[in-house]
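The structure appears right after this line, and notes come after that.
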């Protein structure tokens, strides 16, 4: 089995155990002008994690696009030749 797959399963199990142990823990979240009361801690952490993922995605895509553009321009070593031998003069 691939190690990444096993590691992913182990991490998911740890997250599920964490959520299970914290189902009764509640907190109050204040946004300055609005307050959420009795919010589960596991929900707040999950929301923060997914918000971080959403914020990170554009930066990852922009970085990948820059690498592809940089690799395709200016690299003449990959040009195909016709296979003909140049004439000697």
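Residue numbers (full-length UniProt numbering): 1 to 89.
Virtual Cβ for every residue (Gly too), placed ideally from N, Cα, C.
Where the beta strand (DSSP E) through residue 36 begins and ends: By one-based count along the chain shown, residue 36 stands at place 36. Residues 35–40.
Bridge partners - residue 30, DSSP secondary structure assignment: Here residue 30 refers to the residue found at position 30 when the chain shown is read from its first residue. Paired residues: 35.
Distance CB(residue 63)-CB(residue 40) smaller than 8 Å: Residue 63 sits at position 63 when you count from the first residue of the chain shown. Residue 40 sits at position 40 when you count from the first residue of the chain shown. No. Outside cutoff.
Selected residue, minimal CA-CA separation from residue 31, among 44, 22, 24: In the chain shown, counting from the first residue as 1, residue 31 sits at position 31. Nearest option by C-alpha distance: 44.
Residue span of the alpha helix (DSSP H) that contains residue 11, given as start and end: The count along the chain shown starts at 1 and reaches residue 11 at position 11. Here the alpha helix (DSSP H) through residue 11 covers 3–21.
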